[in-house]
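Okay, structure first, notes after.
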Amino acid sequence: MAQIASFVSKLHPFQPEFKATPVYFNASSHQALVEHHHSDNYLASNEEIPTIDYSLLLSDDTDQRSIALELLGQACEEYGFFYLVNHTMPDDVLNNVLKQVSNYFDPTTIEERMIYGKKGSSDKIRWGLTANDGENREYLKVIAHPKDHVPSDPTILRNIIEEYNQEMRKIVAGLAREISKNLGFDEDYIEKAFNMKSGFDVMAMNLYPPNSKSKGNIGLPNHTDPGFVLGDHLEILTNGKYKSHVHRVIVNNNKVQRISVVTLHGPSLDKFIAPATEFVDDKNPMNYIGMTYKESLVANGGNVIDVESSLEQIKIV
């Protein structure tokens, strides 16, 4: 069982007993961070991170469920980031996807990946390699839903990613129901607001190479992410009540490479997203411009697979 290192929780005064490998949720992403060779340590920030017990959100005990729901609301409103434990992602699926992604980034086969490096308006797969002071990583982005475009070779990677994405969508659907209830609506509120059954999901697989530079070297610079958990479009829908938190990747003096798998779960591309009327009044004027999810993704001149944030352009104030 993976253990947590350097983890402090403001919302939970106790250390939960993990029944499944813990994962991070922020800005619509699921990020599982491990070192090459599958280190037993999952490293969180030294700053306080809320932890949410997914099993308690589904508990038959109404008191436990009520407390867990309140903690989820606090995490969404005050932090825009939380650490999910006791979720339904099988450990073997999570471990296998990290292992196969690590194998895929074999430096001896980089030329095979470079075929996905040509940028086009209809790209379904995007590969890139950056190495500078502001960003240092190799990545592969694939459209994972409504139709997946995972590379067909190697087959083992495709199969495990398909299984992983299916499990992730179940977890995200569950979170959508709980967040809807926490906002005071029916449990299908967010599913309908985002048309999540046809949601546009992009999976980003990242390799951060070994780093011998000083502490604080940047793997990925400050950014927010579009989409749902907890991303720009949940902030837009709630008119700023729930936050899309700015975050980055810091690569310290690591002797081994680091693998992360991030899934950005968004509304359907044609879904028009604007602050819901329930969150707009005289004291809380509309803070964001409404537009379709696709329009927001390409507002910076990129392609939808780049899933770039345009939150600053969308903000009215």
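Sequential numbering from 1 applies to the sequence shown in UniProt numbering. Note that the Cβ used here is the ideal one computed from N, Cα and C, for glycine as well. Quick caveat: nothing in here was measured; it's all calculated off a predicted structure.
The shortest CA-to-CA distance from V256 to any of L237, N211, V262 is the one to N211. The alpha-carbon separation between V262 and N284 amounts to approximately 33 Å. Contact between A204 and K243 is ruled out by a C-beta separation of about 21 Å, above the 8 Å threshold. In the DSSP assignment, H265 forms a beta bridge with D201. Excluding the 5 residues flanking it on each side, Y104 has same chain C-beta neighbours closer than 6 Å at L157, in chain order. The residue among L220, G302, I179 with its C-alpha nearest the C-alpha of G80 is I179.
Cβ-Cβ distances below 7 Å link A144 to N165, D201, V202, M203, T263 in the same chain, with the five nearest sequence neighbours on each side left out; the list follows chain order. Boundaries for N211: no alpha helix (DSSP H) harbours it, and the DSSP string shows neither H nor E there. Per DSSP, the continuous beta strand (DSSP E) segment holding I143 begins and ends at 136 to 145. In the three-state scheme derived from DSSP, where H, G and I count as helix and E and B as strand, H87 is classed as coil. The bridge partners DSSP lists for A131 are N136. Listed in chain order, the non-local C-beta contacts of V97 below 7 Å within the same chain comprise I160, I161, Y164, V261, local neighbours out to five positions each way being set aside.
For K315, the CB contacts under 7 Å within the same chain, skipping 5 residues up- and downstream, are N287, Y288 in chain order. Residue nearest to S310 within the set V246, I259, R258 is V246 (criterion: CA-CA distance).
Checking the DSSP bridge columns, you'll see H223 partnered with H247.
The C-beta distance from I52 to A75 rounds to 6 Å, short enough to fall under 8 Å. By the criterion of a C-beta distance shorter than 8 Å, L69 is surrounded in its chain by L57, E178, K181, N182, once the five residues flanking it on both sides are discounted.
In the same chain as L175, and ignoring 5 residues on each side of it, the C-beta atoms closer than 7 Å to its own belong to V229, in chain order. The three-state secondary structure of M286, taken from DSSP, is coil. Closest in C-alpha terms to N206, from the list S102, S59, E191, D61, comes S102. Assignment of K271 by DSSP, reduced to helix, strand and coil, places it in the coil class. Shown here, D53 sits in a strand according to DSSP, grouped into three states.
One Cα belongs to D306, the other to L297, and the distance between them is close to 8 Å. Counting C-beta atoms within 10 angstroms of its own C-beta, P267 has 16 or more neighbours from the protein chains shown and is therefore classed as buried. Contact between I273 and G290 holds: CB atoms are separated by about 7 Å, below the 8 Å threshold. Taking the Cβ atoms as the reference, H233 lies roughly 12 Å from G240, outside the contact range of under 8 Å. Annotated three-state conformation of T238 is coil, per DSSP. Taking E77 as the centre and dropping the five residues before and after it, the same chain places the C-beta of K241, Y242, K243 closer than 8 Å to its C-beta, in chain order.
Residue burial annotation: G184 is exposed, with fewer than 16 other C-beta atoms found within 10 angstroms of its C-beta. A Cβ-Cβ contact shorter than 8 Å links K170 with T88. Here Q100 is buried. Its C-beta has 16 or more other C-beta atoms within 10 Å. A173 and E191 have their C-alpha atoms roughly 8 Å apart.
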